[in-house]
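K.L.:
The numbering of the sequence shown is our numbering, which starts it at 1045 and goes up by one.
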Amino acid sequence: MEIRNLKQEDIKKVMSLENMVFPKNIAEKEEVILDRIITFNRGCFGIFEKEKLIGYCSSEVWEDYKEAKRNIKASLNHKEKGKILYITALAISPEYQKRGFGKKLIKKLIKTANNFKLFSLYLRISEPLAKKAKGFYEKNGFEPVRYISKRNDNHYLMELKINKI
Ligand SMILES: CC(C)(COP(=O)(O)OP(=O)(O)OC[C@H]1O[C@@H](n2cnc3c(N)ncnc32)[C@H](O)[C@@H]1OP(=O)(O)O)[C@@H](O)C(=O)NCCC(=O)NCCS
1045 MEIRNLKQED
1055 IKKVMSLENM
1065 VFPKNIAEKE
1075 EVILDRIITF
1085 NRGCFGIFEK
1095 EKLIGYCSSE
1105 VWEDYKEAKR
1115 NIKASLNHKE
1125 KGKILYITAL
1135 AISPEYQKRG
1145 FGKKLIKKLI
1155 KTANNFKLFS
1165 LYLRISEPLA
1175 KKAKGFYEKN
1185 GFEPVRYISK
1195 RNDNHYLMEL
1205 KINKI
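1. Would a C-beta distance cut-off of 7 Å place residue 1164 and residue 1117 closer than the cut-off?
2. Looking at residue 1111 and residue 1126, is the spacing between their C-beta atoms short of 7 Å?
3. How about residue 1104 and residue 1089: do their beta carbons lie closer than 7 Å?
4. Provide the residue(s) that pair with residue 1048 in DSSP beta bridges, ordered along the chain.
5. Could you check what DSSP says for residue 1096 in three-state terms: helix, strand or coil?
6. Which partner residues of residue 1076 appear in the DSSP bridge assignment?
7. Quick one: Cα of residue 1153 to Cα of residue 1091, how far?
8. For the 8 Å Cβ check, are there 3 or more pairs between the stretch 1156-1163 and the stretch 1172-1185?
9. In this structure, does DSSP put residue 1060 in helix, strand or coil?
10. Measure how close the beta-carbons of residue 1128 and residue 1162 come, nearest whole angstrom, since I'm counting them as under 8 Å.
11. Alpha carbon to alpha carbon, what distance is there between residue 1207 and residue 1151?
12. Report the option in 1147, 1072, 1201, 1196 whose CA atom is closest to the CA atom of residue 1032.
13. Return the Cβ separation of residue 1080 and residue 1060 in integer angstroms, given the expectation that the two are a contact with Cβ distance under 8 Å.
14. I want to check one thing, is the minimum distance from the CB of residue 1169 to the heavy atoms of ligand 1 below 6 Å?
15. Within 10 Å of its beta-carbon, does residue 1168 have 16 or more other beta-carbons around it, so buried, or fewer, so exposed?
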């Protein structure tokens, strides 16, 4: 098992994981995910077992939290000198869930945020995923800061504070 930064040539593997793990209306587009890997490579990780991708995450540095939307390119929001790490995706292949791999990716993201001297990590959990994912993030220190109710897109905004402003 190896955790490393994603490469552009991993994109097909990332897309098959993305489409396996997330429902159709939540999975994001290849061009958007590829842009994340290119724009902030230090915040995008994959877990590989031999050549098989079993988990992945992506993130970007923002000035501050603003309302996140799906399928927005990192190149539009990413500011290397920003204050927060926004996690755009985190997914573990179903057959590898509950074996500590999600936690390993969270640790990598916290380390990245510390390296960039950021104050918080943020992410959104879509309502359909909350039953499984909210407990996982809470177990890893995240707290719900807001419930955002939108037609067809209700979600929780979660935050993990790591450094004091
Ligand atoms: C949510 C997800 C990332 C969790 O990854 P995972 O590899 O299964 O989780 P881990 O095995 O690393 O769990 C880490 C810890 O969280 C706990 N945990 C996991 N799921 C939990 C849940 N639903 N409720 C409470 N605790 C949970 C584990 O027991 C473990 O605790 P420990 O540190 O005491 O052993 C994974 O299930 C997944 O990809 N789900 C589908 C996609 C998704 O919902 N992504 C997140 C929204 S963007």
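C-beta: ideal position from N, C-alpha, C; glycine also.
P.N.:
In this structure, then:
1. For residue 1164 and residue 1117, no; Cβs fall outside 7 Å.
2. No.
3. Contact annotation: residue 1104 and residue 1089 have beta-carbon atoms that are not nearer than 7 Å.
4. Bridge pairing for residue 1048: 1090 [DSSP].
5. It is a strand residue.
6. Residue pairing for residue 1076: DSSP places it in no beta bridge.
7. Each residue's alpha carbon lies about 13 Å from the other.
8. By the criterion of at least three beta-carbon pairs nearer than 8 Å, the stretch 1156-1163 is not in contact with the stretch 1172-1185.
9. Note: residue 1060 maps to helix in three-state DSSP.
10. That belief holds up - the Cβ atoms of residue 1128 and residue 1162 are roughly 6 Å apart, short of 8 Å.
11. Roughly 15 Å between the two C-alpha positions.
12. Lying outside 1045 to 1209, the shown extent of the chain, residue 1032 is not represented and no answer is given.
13. Approximately 17 Å separates the beta-carbon atoms of residue 1080 and residue 1060; this is outside 8 Å, ruling out the contact.
14. Correct: residue 1169 has its Cβ closer than 6 Å to ligand 1.
15. It counts as buried.
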